[in-house]
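Sequence order for the protein chains is S and B. Just so you know, we're using our numbering here: the first sequence kicks off at 1 and counts up by one. Just so you know, we're using our numbering here: the second sequence kicks off at 326 and counts up by one. All C-beta atoms in this analysis are idealised placements derived from N, C-alpha and C, irrespective of residue type, glycine included.
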Amino acid sequence: MKKSLPMFREPEASGGCGGGSCDSDGHEDHDEGRRDFLRMAAGAAAVGVAATATGCGGEKPDYEELLQKHYRVMTDDEKKRVFARLEAKTKALTGVTVHISDPQPLEGVHYAYALNLSHCNGNRRCVEACARENNLPNDPEMRYIRVIELDNGSQHLEKGTVHYAPEKVPQKGKFYLPVQCHQCDNPPCVRACPTKATWKEPDGIVVVDYNWCIGCRYCQAACPYHARRFNWVAPSIEPDRVNPNQGYLSNRIRPVGVVEKCTFCLHRTRNGRYPACYEVCPTGARKFGNLADPQSEVRKIVENKRVWILKEELGTEPRFFYFYG
Amino acid sequence: MSAKRFHRSAEGRTWVGKCSLLGALLLGACHPHAPGEKEHSEGPPGPTPVVSVTIEPRTPMLPAYPCSGCHADRQPHPEKYVLKEFHEVRNHEFQHGEDKFWCYQCHSVKNIDKLVTATGELVSFDEAFLLCTGCHGDKLKDWRAGMHGLLMGNWNGDKRKKSCPACHDPHDPRYPSLKPEKPPAASKGLKAF
């Protein structure tokens with residue numbers, strides 16, 4: 001029998017940032033100071049403050065989590081401890097032994113995606129494969145990829161629908177536009193974040209430190225592609241759907257009250273594999289690779305095909321190209 | 326465009342140049358390749374310096390291959406007629422070339438286990454792409470470059486490529502319709518977008 005389990009309820013989801021004064025640019029001393037101060041203030045008073053600030057009333061706060069640093073200032077040892085703690089927590093909650101890794105950006109690699117709209121037939125295999133790979137919950141349903149059905153010759157997104165459900169696709173007179181995070185070079189979501197919990201990695205992937213996010217959802221409002229998702233409730237996921245190969249910045253199971261998004265499956269792509277949506281696509285519409293490599297498929301497409309980007313006028317400079325042919 | 330931004334990076338350019346040179350020295354010139362063999366590209370930059378692309382052989386996917394198993398003692402019918410056994414389905418499910426085609430446009434009369442190109446060369450079923458692209462030449466360029474078709478494996482390492490018939494049934498090449506996965510749950514109180 002399938003059983004849904006409640007996922008993490010982490011106190012720092014609403015109070016972990018310490019009032020927006022966090023600095024993610026490597027000010028270790030400053031952060032140490034904050035940590036020491038909090039340590040000193042620990043005790044009965046801190047219990048009350050933490051419980052009140054985080055709104056976690058009756059739950060026992062986890063001080064390791066409460067005092068966890070921003071991902072970018074953590075040392076390797078600190079990361080190890082954090083990953084071990086998260087793995088143990090996942091084990092306790094789901095019964096599944098998972099491995100949380102932290103693959104680093106590869107030097108000289110700039111990921112890009114290209115999608116052939118002549119080939120995409122709107123079958124949504126990518127949507128479901130992405131959900132499986134990234135531990136996305138079914139209740140409430142969360143999906144990173146939306147496939148918009150549009151009339152041929154039109155790009156009026158408001159007139160399209162994601163709720164199409166015919167027996168067979170493609171339907172005559174329609175085309176299908178899958179939209180996911182475009183990993184913009186000029187990402188409005190990153191600028192909108194007041195706590196620097198989201199940033200652009202050197203390989204072009206926009207990531208979120210789920211333990212630093214305060215859940216203000218400014219990034220979600222800033223994204224013109226509707227690519228970010230918010231965990232309104234503690235997500236539940238069936239144990240048999242848990243993907244044990246997890247990345248700290250990508251598909252580990254997220255706590256309630258934080259924003260998440262597509263990361264081009266960085267736990268796969270930084271290890272040389274293709275993203276899950278790419279591998280499952282039966283039509284060959286999806287192309288992925290290193291834009292800095294002149295021999296890569298995406299580079300050849302960008303150089304030789306008539307590529308276009310969604311909402312170009314906004315100047316977001318996406319790493320996600322659409323083309324026909 | 327993003328691609329142009331990379332060109333501006335002096336560091337990237339030098340690195341790309343070095344790798345190309347290294348690749349050229351290591352590999353020499355590219356040569357035509359047979360399916361199942363490995364085709365080396367010209368030393369792309371990336372964490373893995375040498376990328377090989379394997380074309381998946383087609384014959385293991387054909388349940389009735391070799392064709393000579395049945396056809397060895399049968400006379401070929403070079404003229405069109407209504408098929409009576411085994412291939413009857415092709416009588417009404419053949420959707421290629423607007424009724425101008427007959428079996429021996431592509432299958433060889435001389436050797437039924439081979440295909441024949443428009444110029445009369447015999448090619449194996451594993452090399453069907455050589456036959457298809459006799460007419461669809463633009464696709465050959467895209468397919469060789471990885472811009473068309475399915476490419477599996479690693480984006481920076483060894484890749485496996487599928488030949489044309491893996492997706493396009495040569496007798497009815499249009500990609501088949503599929504049943505879509507379920508639509509997303511409707512957002513409460515919001516109109517669908």
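Check                                                                                                                          : Outcome
B/Cys395 burial status per 10 Å Cβ neighbour count (16 or more: buried)                                                        : exposed
Interface partners of S/Tyr225 on chain B, CB under 8 Å                                                                        : Correct list: empty, because the minimum Cβ distance to chain B is about 12 Å.
Minimum Cβ-Cβ distance from B/Ala453 to chain S less than 8 Å                                                                  : no
For S/Ile301 and S/Pro318, the rounded distance between their alpha carbons                                                    : 15 Å
From B/Gln400, B/Gln420, B/Val448 and B/Arg415, residue whose alpha carbon lies closest to that of B/Cys431                    : B/Val448
Distance between B/Lys507 and S/Asp203 (C-alpha atoms, nearest Å)                                                              : 33 Å
Per-residue contacts from S/Pro170 into chain B (C-beta, under 8 Å)                                                            : Ser502
N-terminal and C-terminal residue of the alpha helix (DSSP H) that S/Tyr225 is part of                                         : No alpha helix (DSSP H) holds S/Tyr225; DSSP gives it neither H nor E.
Segment contact flag, the stretch 125 to 136 of chain S with the stretch 215 to 226 of chain S, C-beta cutoff 8 Å, min 3 pairs : no
Contact list for B/Met386 against chain S, beta-carbon separation under 9 Å                                                    : Chain S residues near B/Met386: none, gap ~15 Å exceeds 9 Å.
Pick from B/Ser393, B/Lys425 and B/Asp398 that is closest to B/Tyr406, judged by C-alpha positions                             : B/Lys425
B/Glu452 versus B/Ala470: straight-line alpha-carbon distance, rounded                                                         : 17 Å
Nearest residue (CA-CA) to S/Gln180, options S/Pro294, S/Lys261, S/Glu201 and S/His156                                         : S/Lys261
Neighbourhood of B/Phe454 by C-beta, 6 Å cutoff - its chain only, sequence neighbours within 5 removed                         : Ser488 and Cys489
Closest by C-alpha distance to S/Val207, when choosing among S/Ser118, S/Val298 and S/Gln104                                   : S/Gln104
Contact belief for S/Val259 with S/Arg229 at Cβ below 8 Å, rounded distance in angstroms                                       : 7 Å
B/Phe411 classed as buried or exposed, judged by whether at least 16 other C-beta atoms fall within 10 angstroms               : exposed
Sheet register partners of S/Ser101 (DSSP bridge)                                                                              : S/Gly247
Any chain S beta carbon closer than 8 Å to B/Asn436                                                                            : no
Any C-beta of chain S under 8 Å from that of B/Pro391                                                                          : no
Anticipated Cβ contact below 8 Å, B/Arg485 with B/Thr384, distance rounded                                                     : In fact, because the Cβ distance is near 16 Å, the residues do not count as touching under 8 Å.
Alpha-carbon to alpha-carbon, S/His163 and S/Glu149                                                                            : 8 Å
Beta-carbon proximity list for B/Glu381, same chain, < 6 Å, skipping 5 on both sides                                           : Arg485 and Lys487
Listed by chain order, chain B residues near S/Gly289 by CB distance under 9 Å                                                 : Gly371, Gly471, Trp480 and Asn481
Distance, B/Ser502 Cα to B/Glu413 Cα                                                                                           : 23 Å
Alpha-carbon spacing of B/Gly462 relative to B/Leu456, whole angstroms                                                         : 10 Å
Integer-rounded CB distance, given that S/Val169 should sit under 8 Å from S/Ile145                                            : Not really, about 15 Å apart at Cβ, beyond 8 Å.
First through last residue of the beta strand (DSSP E) which encompasses S/Val207                                              : Val206 to Val208
Closest residue to S/Ser118 among S/Cys184, S/Asp77 and S/Gly173 (Cα-Cα distance)                                              : S/Gly173
Cβ contact check for the stretch 225 to 239 of chain S and the stretch 265 to 280 of chain S: 3 or more pairs under 8 Å        : no
With 16 other Cβ atoms within 10 Å as the buried cut-off, status of B/Ala510                                                   : exposed
B/Pro357 (DSSP reduced to helix, strand or coil)                                                                               : Only weak support is given to the placement of B/Pro357: the predicted model assigns it a pLDDT of 41, under 50, and the value that follows is read from those uncertain coordinates. The answer is coil: DSSP assigns B/Pro357 none of H, G, I, E or B.
Assigned secondary structure, S/Met142 (DSSP; H/G/I helix, E/B strand, else coil)                                              : coil
Interface partners of S/Tyr164 on chain B, CB under 9 Å                                                                        : Pro505 and Pro508
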